[in-house]
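Participant: Residue numbers (full-length UniProt numbering): 1 to 58.
So, in structure tokens, the structure goes:
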């Protein structure tokens, strides 16, 4: 069975991939924009959401 944490992480990684692709289609963006999208949406956001959900379930 897949845990809640893994589902949250997978959803945010999928969103990061879609947003990264969208930023490449929008035109000439600086290189750091793609990295910021991946780190912000794919790493930091799931950590914050999982931390929030963990505190709510206690």
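For every residue, glycine included, the Cβ atom is placed at its ideal position computed from N, Cα and C. On a predicted model such as this, the values are computed, not experimentally measured, just so you know.
Is residue 12 closer than 8 Å to residue 36 when the C-beta atoms are compared?
Facilitator: Residue 36 sits at position 36 when you count from the first residue of the chain shown. Residue 12 sits at position 12 when you count from the first residue of the chain shown. Against a cut-off of 8 Å, the Cβ pair of residue 12 and residue 36 comes out as no contact.
Participant: As an exercise, report each continuous beta strand (DSSP E) stretch of at least 3 residues that is fully enclosed by the region 1-58, in chain order.
Facilitator: Listed in chain order, there is nothing to give.
Participant: Skipping 5 residues on each side, what residues in its chain have a beta carbon closer than 8 Å to that of residue 38?
Facilitator: Mapped onto the chain shown, residue 38 falls at position 38. Only 16 and 20 meet the Cβ criterion.
Participant: If you check the beta carbons only, do residue 41 and residue 8 fall under 8 Å apart?
Facilitator: Locating residue 41 in the chain shown gives position 41, where the first residue counts as 1. Locating residue 8 in the chain shown gives position 8, where the first residue counts as 1. Contact flag unset, no.
Participant: Taking the straight line between their C-alpha atoms, what separation do you get for residue 32 and residue 25?
Facilitator: Taking the first residue of the chain shown as 1, we reach residue 32 at position 32. Taking the first residue of the chain shown as 1, we reach residue 25 at position 25. Their backbone Cα atoms lie some 15 Å apart in a straight line.
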